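Peer 1:
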Amino acid sequence: MSILADLQVALESLDVPIETGVFSDTAPSKYMVIVPMSDRFDLHSDNLPCIDVQEARISIYSKGSYTALKNQVVQLLLASSFTITARSYIGFEDDTGYYHYNVDVAKHYEIGGN
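For the sequence shown, UniProt numbering begins at 1 and goes up steadily by one.
#1: Please state if the CB of Ala106 and the CB of Val53 are separated by a distance shorter than 7 Å.
#2: Over what stretch of residues does the alpha helix (DSSP H) that includes Ile3 continue unbroken?
#3: Quick check on the burial criterion: 16 or more other C-beta atoms within 10 angstroms. Buried or exposed for Val73?
#4: Using 10 angstroms around the beta-carbon of Tyr31, count the other beta-carbons present and answer buried if the total reaches 16, otherwise exposed.
#5: Work out the CA separation of Val103 and Ala27 for me, nearest whole Å.
#6: Where does the unbroken alpha helix (DSSP H) through Val48 begin, and where does it stop?
#7: For a cutoff of 7 Å on Cβ pairs, would you count Ala56 as touching chain C?
#8: Can you check the segment 73-109 for any beta strand (DSSP E) of at least 3 residues that lies completely inside it and give the ranges in chain order?
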């Protein structure tokens, strides 16, 4: 029950390297970095949480056009029952030569026993 693990599974068919937190290897022409953003409990019953909402940011980096990869990421996320909470073009990084685009997602996990 982890958004990080579920994102890895949802995006593995893209054949684009994905790392969590920071990309540690030599960066290829396209890669993604997943950063956990928040965990919160929603929907309480009898003073206990019923839903665990986990959120993460997927940063897409590409030396060329990022739009095809962005569209594939969005389609895979929607097909895997993620809630997309934001999408934003960050810009072109002059120092690295990468286009940078973010997709923020959330996933709701039921907590058993309630």
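The beta-carbon is built from N, C-alpha and C at its ideal position, and this holds for glycine as well.
Predicted model only: the values in this text are computed from it and were never measured.
Peer 2: According to the data block:
#1: yes
#2: 3-11
#3: buried
#4: buried
#5: One C-alpha to the other measures close to 20 Å.
#6: Residue identity check: residue 48 is Leu in the sequence provided, not Val. Here Leu48 belongs to no alpha helix (DSSP H); instead the beta strand (DSSP E) covers 48-62.
#7: Judged by its chain identifiers, the structure shown contains no chain C, having just a single protein chain.
#8: 83-93
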